[in-house]
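Enquirer: Residues 2 to 595 in my numbering are what the sequence shown lists, from first letter to last. Positions of the beta carbon are idealized from the N, C-alpha and C atoms, including for glycine.
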Amino acid sequence: MKSIAELISEEVKTAFNNAGYDPELGQVTVSNRPDLCEFQCNGAMAGAKLYHKAPIQIATEVADKLKDNRVIESALAVNPGFLNINIKGEWLAEYLTAMAACPDGRLGIETPETQTVIVDYGGANVAKPLHVGHLRSAVIGESIKRISRYMGHKTIGDVHLGDWGLQMGLVITELKQRKPDLPYFDDEFCGEYPKEAPFTIAELEEIYPAASAKSKEDEEFKRAAMEATAKLQSGVRGYRALWKHIIDVSVADLKRNYDSLDVEFDLWKGESDVHDLIPGMVDYLKAGGYTRMSDGALVVDVKEDTDNKEMPPCMILKSDGASLYNTTDLATIMDRVKQYNPDRLVYLTDKRQNLYFEQVFRCARKTGLIDKDKELIHIGFGTVNGKDGKPFKTRDGGVMRLEYLIKDINDRMYERITQNRDIDEDEALKISRIVGLAAIKYGDLSNQASKDYIFDVDKFTSSEGNTGPYILYTIVRIKSILDKYSDQGGTIPDIDSGKINFIAPVCSSHKNLMMELTGFAETISGAYTEAAPHRICAYIYGLANAFNSFYHEVKVLAEEDADKKEGYIALLALTKKVLTICIDLLGFKAPDRM
Ligand code: ARG
2 MKSIAELISE EVKTAFNNAG YDPELGQVTV SNRPDLCEFQ CNGAMAGAKL YHKAPIQIAT
62 EVADKLKDNR VIESALAVNP GFLNINIKGE WLAEYLTAMA ACPDGRLGIE TPETQTVIVD
122 YGGANVAKPL HVGHLRSAVI GESIKRISRY MGHKTIGDVH LGDWGLQMGL VITELKQRKP
182 DLPYFDDEFC GEYPKEAPFT IAELEEIYPA ASAKSKEDEE FKRAAMEATA KLQSGVRGYR
242 ALWKHIIDVS VADLKRNYDS LDVEFDLWKG ESDVHDLIPG MVDYLKAGGY TRMSDGALVV
302 DVKEDTDNKE MPPCMILKSD GASLYNTTDL ATIMDRVKQY NPDRLVYLTD KRQNLYFEQV
362 FRCARKTGLI DKDKELIHIG FGTVNGKDGK PFKTRDGGVM RLEYLIKDIN DRMYERITQN
422 RDIDEDEALK ISRIVGLAAI KYGDLSNQAS KDYIFDVDKF TSSEGNTGPY ILYTIVRIKS
482 ILDKYSDQGG TIPDIDSGKI NFIAPVCSSH KNLMMELTGF AETISGAYTE AAPHRICAYI
542 YGLANAFNSF YHEVKVLAEE DADKKEGYIA LLALTKKVLT ICIDLLGFKA PDRM
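#1: Under 7 Å from any heavy atom of the ligand ARG, does the C-beta of Gly163 make it?
#2: Compute the minimum distance between the beta carbon of Ala350 and the heavy atoms of the ligand ARG, and state whether it is under 7 Å.
#3: In the structure shown, what three-state DSSP assignment does Thr384 receive?
#4: Leaving out five residues before and five after Leu183 in sequence, what residues of the same chain have Cβ atoms less than 6 Å from its Cβ?
#5: Return the CA-CA distance between Val507 and Lys577, expressed in angstroms with no decimal places.
#6: Mind checking which residues open and close the alpha helix (DSSP H) that includes Phe521?
#7: Under 7 Å from any heavy atom of the ligand ARG, does the C-beta of Thr333 make it?
#8: On the three-state DSSP scale, how would you describe Ile582?
#9: Comparing the CB of Asn126 with every heavy atom of the ligand ARG, is any distance shorter than 7 Å?
#10: Is it the case that the segment 430 to 441 contacts the segment 365 to 380, given that we only count it when at least three CB pairs across the two stretches are under 8 Å?
#11: Counting pairs of beta carbons, one from the segment 128 to 136 and one from the segment 398 to 409, are three or more of them closer than 8 Å?
#12: Would the beta-carbon of Ala288 fall within 8 Å of that of Lys319?
#13: Leaving aside the five residues before and after Gly527 along the sequence, list all residues of the same chain whose C-beta is less than 7 Å from its C-beta, in chain order.
#14: How many Å lie between Ser106 and Val579 at the Cα?
#15: Nearest CA to the CA of Leu572: which residue from Cys583, Leu586, Ile584, Val557?
#16: Using the Cα positions of Leu93 and Tyr348, report the straight-line distance between them to the nearest angstrom.
#17: Going straight from the alpha carbon of Thr468 to that of Thr292, what length do you get?
#18: Sort out for me which residues DSSP pairs Gln41 with in a bridge.
#19: Since I believe Met414 is in contact with Thr462 (beta carbons under 8 Å), could you give me their beta-carbon distance rounded to a whole number of angstroms?
#20: Roughly how many angstroms lie between the CA atoms of Asp457 and Asp445, to the nearest whole one?
#21: Return the chain-ordered list of same chain residues with a C-beta closer than 8 Å to the C-beta of Lys394, the five sequence neighbours on each side being excluded.
#22: Note down, in chain order, each residue of its chain lying with its Cβ closer than 7 Å to the Cβ of Val275, except the 5 sequence neighbours on either side.
#23: By alpha-carbon positions, which one of Ile141, Met316, Ile73, Met294 ends up nearest to Leu356?
#24: State whether the segment 80 to 88 contacts the segment 32 to 43, with contact taken as three or more CB pairs (one from each stretch) at a distance under 8 Å.
#25: Whole-angstrom Cβ separation of Ile496 and Leu406, contact assumed at under 8 Å?
#26: Since I believe Gly381 is in contact with Thr350 (beta carbons under 8 Å), could you give me their beta-carbon distance rounded to a whole number of angstroms?
#27: Suppose contacts are defined by Cβ-Cβ distances below 8 Å. Is Cys250 in contact with Leu176 by that definition?
#28: Figure out for me which residue from Val127, Arg224, Met169 has the closest Cα to the Cα of Asp254.
#29: Would you mind working out which of Ile208, Asn546, Val140, Thr492 sits nearest Met515, comparing C-alpha positions?
#30: Just reading off the alpha helix (DSSP H) that Cys103 is part of, what are its end residues?
#31: If we ignore side chains and look at the alpha-carbon of each, how far apart do Lys256 and Leu26 end up?
#32: On the DSSP bridge list, what partners appear for Tyr348?
#33: For Arg353, which residues does DSSP report across the bridge?
#34: List the DSSP bridge partners of Tyr454.
#35: With respect to the alpha helix (DSSP H) encompassing Leu483, which residues constitute its N-terminal and C-terminal limits?
#36: Roughly how many whole angstroms lie between the Cα atoms of Ser510 and Tyr552?
Below, the structure is given as structure tokens:
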């Protein structure tokens, strides 16, 4: 469905043409002076140069052609030559009616040709608990995945676990020191290994930091850990069995954490899954003449003539022949192309990996691991900071675990919900979890991904301002008006039936709300193209504000004119539907009451 700006442009283009000017001059945009008009056209200014005429003269002639227009209520030529345009309320009502009548409740969204999209997000590393740094990858990635799916694309979310690096060797080495008698360390052992892991998640979480600290002071320990990593990767039976336990225990815990964020992956693959593909890929790169040796390491040059920044080569194998993070990422691209043939691959990590991904993408394209027409997108996000503007830490300066961060928000939300009010404890807990999640996700997603932001528990949980709870309050308010309407015997129209009628606006806040609603399809497709959920936040904030102004100005339930009342209710139902779809795309839900 065309946007209203496009449809109005069509009218103004025809008017330019009828007045004897190039129709392309008739492009309109949403007014940057909403106090003066709804849309504006600056075409007469450009036309002045082409036709050697005063811009106001052209604007006046075009405005004349727009009299008695079906769509345009008024077009005013103002000095030095702008066209100020307002649209007809009846036409706007027709537009919304058509939007609601779109098949499958798509509200005007046109599904482009179906593509296959893989979103690589979460970024969890096995044996390490999720910390605040993992929040953004999970939250932004989940939203990008949902938006892509809503657009109609075949979309696959993959957590791409860090399960193959030195951290595995560190954990194994530490375990060997603590429990040397385990059969996993006995080279002679050829029986079946125990089904139960020899550690709990709590132990595992304590083992990794202990081992990591040791390796920084103790050279011998570090060497042993590197050796253990190599043994694991080369397939030593006991090490693989132990590794499997580490993965199982860790993944169960990761799932629990991602669940609490309503983040769900289709694939739980990891770096280890492409291990066996690496030798073949290296042969391919060598045979294609893409590689060279540099200080004993195997590299691919990715510098381009137009670069004006440093662009080091992409390293494929270290001088000792070991593979790296790059190697697994390239092999994963190769594997994904083979298995899914994706048109678009989106990666979410913090922006310190910007250069890294540029190297990997260039290398993959240059070497033909992926076709040049496929989209490779890296979203490098900014840091989550505390109120002091520094990376978020616990009170004693440690790394903030994601679990604790969620708990902080939920506790604050609970406090707010139970303040000066009698409410059942279970219900308050349930509501605070739902609203708390919205507070976290909206607090994150409303910022452009690349920017750092301050994690401000008080601000995020407030029901006023540009926050998740404010959006939820708006939805709950609409629900309660609709409920009252049905208690009074009214029938709430079913938007999805496609048979719903809107009425021409009765006041400016009514018109404004209708205009906001028309922006839905464009917002969602823009958010998809740019892989930018913050656009949806900005949109629903504007929509919620427009709704609240309307609600303050217009008495919906007290309206005596039945047609008007029905028209208002239709608008409420559509607003609720649009808001509900949008928050689902952002990854959270609204409670029934707050
Ligand atoms: N585990 C990585 C980290 O903690 C993030 C993985 C991102 N995905 C990827 N394909 N490299 O930095």
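Expert: Well, looking at it:
#1: If you number the sequence shown from 1, residue 163 lands on position 162. Checking every heavy atom of the ligand ARG against the Cβ of Gly163, one is found closer than 7 Å.
#2: Along the sequence shown, one-based indexing puts residue 350 at 349. Rather than Ala, the amino acid found at residue 350 in this sequence is Thr. At least one heavy atom of the ligand ARG is nearer than 7 Å to the Cβ of Thr350, so yes.
#3: One-based indexing of the sequence shown puts residue 384 at position 383. If DSSP states are grouped into helix, strand and coil, Thr384 belongs with coil.
#4: Within the sequence shown, residue 183 is the residue found at index 182, counting from 1. Answer for Leu183: Pro199, listed in chain order.
#5: For the purposes of this step, residue 507 is taken as the residue at position 506 of the sequence shown. For the purposes of this step, residue 577 is taken as the residue at position 576 of the sequence shown. Distance between Val507 and Lys577, taken at the CA atoms: about 20 Å.
#6: Here residue 521 is taken as the residue at index 520 of the sequence shown, counted from 1. Counting along the chain, the alpha helix (DSSP H) containing Phe521 begins and ends at 521 to 530.
#7: Position 332 of the sequence shown, counting from 1, holds the residue named residue 333. Under cutoff, so the answer is yes.
#8: Counting from one through the sequence shown, the residue named residue 582 turns up at place 581. Reduced to three states, the DSSP call for Ile582 is helix.
#9: Counting from one through the sequence shown, the residue named residue 126 turns up at place 125. Checking the Cβ of Asn126 against the ligand ARG gives yes.
#10: no
#11: yes
#12: Walking along the sequence shown from the start, residue 288 turns up at place 287. Walking along the sequence shown from the start, residue 319 turns up at place 318. No, the pair does not count as a contact, with Cβ atoms beyond the cut-off.
#13: Locating residue 527 in the sequence shown gives position 526, where the first residue counts as 1. The residues are Arg536.
#14: By one-based count along the sequence shown, residue 106 stands at place 105. By one-based count along the sequence shown, residue 579 stands at place 578. Note on residue identity: the sequence assigns Gly, not Ser, to residue 106. Each residue's Cα considered, the two are about 10 Å apart.
#15: Numbered from 1 along the sequence shown, position 571 holds the residue referred to as residue 572. For the residues Cys583, Leu586, Ile584, Val557, the minimum Cα distance to Leu572 belongs to Val557.
#16: What you label residue 93 is simply residue 92 of the sequence shown in a count that begins at 1. What you label residue 348 is simply residue 347 of the sequence shown in a count that begins at 1. One alpha carbon belongs to Leu93, the other to Tyr348, and they sit about 40 Å apart.
#17: Numbered from 1 along the sequence shown, position 467 holds the residue referred to as residue 468. Numbered from 1 along the sequence shown, position 291 holds the residue referred to as residue 292. Cα to Cα, Thr468 sits roughly 50 Å from Thr292.
#18: Against the sequence shown, residue 41 aligns to sequence position 40. Beta-bridge pairing links Gln41 to Thr30, Asn85.
#19: In the sequence shown, counting from the first residue as 1, residue 462 sits at position 461. In the sequence shown, counting from the first residue as 1, residue 414 sits at position 413. Sure, about 5 Å apart at Cβ, within 8 Å.
#20: If you number the sequence shown from 1, residue 457 lands on position 456. If you number the sequence shown from 1, residue 445 lands on position 444. One C-alpha to the other measures close to 10 Å.
#21: Numbered from 1 along the sequence shown, position 393 holds the residue referred to as residue 394. The residues are Gly387, Val400, Met401.
#22: Within the sequence shown, numbered from 1, the residue matching residue 275 stands at position 274. Same-chain partners within the cutoff: Thr329, Ala332, Thr333, Asp336.
#23: To locate residue 356, count along the sequence shown from 1; it is residue 355. Checking every option, the nearest Cα to that of Leu356 belongs to Met316.
#24: yes
#25: Indexing the sequence shown from 1 puts residue 496 at position 495. Indexing the sequence shown from 1 puts residue 406 at position 405. Not confirmed; about 37 Å, so no contact.
#26: Taking the first residue of the sequence shown as 1, we reach residue 350 at position 349. Taking the first residue of the sequence shown as 1, we reach residue 381 at position 380. With a Cβ gap of about 7 Å, Thr350 and Gly381 count as contacting.
#27: On the sequence shown, residue 250 is found 249 positions in, with the first residue counted as 1. On the sequence shown, residue 176 is found 175 positions in, with the first residue counted as 1. Reading off the sequence, residue 250 comes out as Val, not Cys. Going by C-beta atoms, Val250 is not nearer than 8 Å to Leu176.
#28: Numbered from its first residue, the sequence shown carries residue 254 at position 253. Taking only the C-alpha atoms, the option nearest Asp254 is Val127.
#29: As a first step, residue 515 is located in the sequence shown; it is residue number 514 there, counting from the start. Answer by Cα proximity: Asn546.
#30: Position 102 of the sequence shown, counted from the start, is the residue given in the question as residue 103. Segment: none, Cys103 is in no alpha helix (DSSP H) and carries neither H nor E.
#31: Walking along the sequence shown from the start, residue 256 turns up at place 255. Walking along the sequence shown from the start, residue 26 turns up at place 25. Whole-angstrom Cα-Cα distance: 55 Å.
#32: Position 347 of the sequence shown, counting from 1, holds the residue named residue 348. Partner(s): Asp121, His379.
#33: Position 352 of the sequence shown, counting from 1, holds the residue named residue 353. Answer is none; Arg353 lacks a bridge partner.
#34: Position 453 of the sequence shown holds residue 454. Tyr454 pairs with Val385.
#35: By 1-based counting over the sequence shown, the position of residue 483 is 482. Here the alpha helix (DSSP H) through Leu483 covers 469 to 488.
#36: If you number the sequence shown from 1, residue 510 lands on position 509. If you number the sequence shown from 1, residue 552 lands on position 551. Distance between the alpha carbons of Ser510 and Tyr552 is about 9 Å.
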